[in-house]
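Trainee: Be aware that the sequence shown starts at -3, since it is given in the numbering used here, and climbs by one per residue. Let me give you the structure first, and then I'll get to my questions.
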Amino acid sequence: MYTADMMARTEIRRVRRAKALRQQKARRKLFLIFFLTIVVMFGIGVGFGTLLTRAEEPEKEPAYKYYTDIEIQKGDTLWDVAEAYMDSSYYMEKSDYINEVMSINRMVTDQLTTGQKLIVPYYSTQVK
């Protein structure tokens, strides 16, 4: 009886262990399928995103940098000049454009006087 009882317990443990191993295999397989699905979806997303980005970029016409002189009117500021002449495709901030105008005109302050002449850069697609 003792031997039969031990054999029954051993058989139960073997069956439980086999069931646990099957469940573990199933979980691993499910995880692998899930992981591969995520990787494939990410790859497809990146691929389509790259294609869409390339498709949306319009052909940019080349622009040429020119300089012109302007006369300052009463109340004008360098910010007003930047608003009128700056092309945001070539300058990240208005302050970048203002610094260039100040450098071109050898200005040490941003103060302008009525009638003052300034040389300012601008961009155009026309060849002049």
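Even for Gly, the Cβ is constructed at its ideal location relative to N, Cα and C.
Can you give the Cα-Cα distance for I115 and T64, rounded to whole angstroms?
Mentor: Straight-line Cα distance between these residues: approximately 6 Å.
Trainee: My guess is that K70 and T105 are in contact by the Cβ rule of under 8 Å, so how many angstroms apart are they, rounded?
Mentor: The pair is not a contact, with the Cβ atoms about 18 Å apart (cut-off 8 Å).
Trainee: Please state the DSSP three-state secondary structure of S120.
Mentor: Reduced to three states, the DSSP call for S120 is strand.
Trainee: Considering only residues of the stretch 36 to 79, which uninterrupted beta strand (DSSP E) runs meet the minimum length of 3 residues and lie entirely inside it, listed in chain order?
Mentor: If we require 3 residues or more, the beta strand (DSSP E) runs fully inside the stretch 36 to 79 come out as 60 to 67.
Trainee: CB-CB under 8 Å to Y62, same chain, minus the five flanking residues each way: which ones, in chain order?
Mentor: The answer, listed in chain order, is P117, Y118, Y119, S120, K124.
Trainee: In the DSSP assignment, what are the bridge partners of L114?
Mentor: Answer is I66.
Trainee: Mind checking V77: buried by the 16 CB within 10 Å criterion, or exposed?
Mentor: With 16 or more other Cβ atoms within 10 Å, it is buried.
Trainee: Specify, as a first and last residue, the run of the alpha helix (DSSP H) that M98 falls within.
Mentor: Start and end: 90 to 100.
Trainee: According to DSSP, is Q107 helix, strand or coil?
Mentor: It is coil, neither helix nor strand.
Trainee: Any idea what DSSP makes of Y126, helix, strand or coil?
Mentor: Given a span of -3 to 124 for the chain in the structure shown, any question on residue 126 remains unanswerable.
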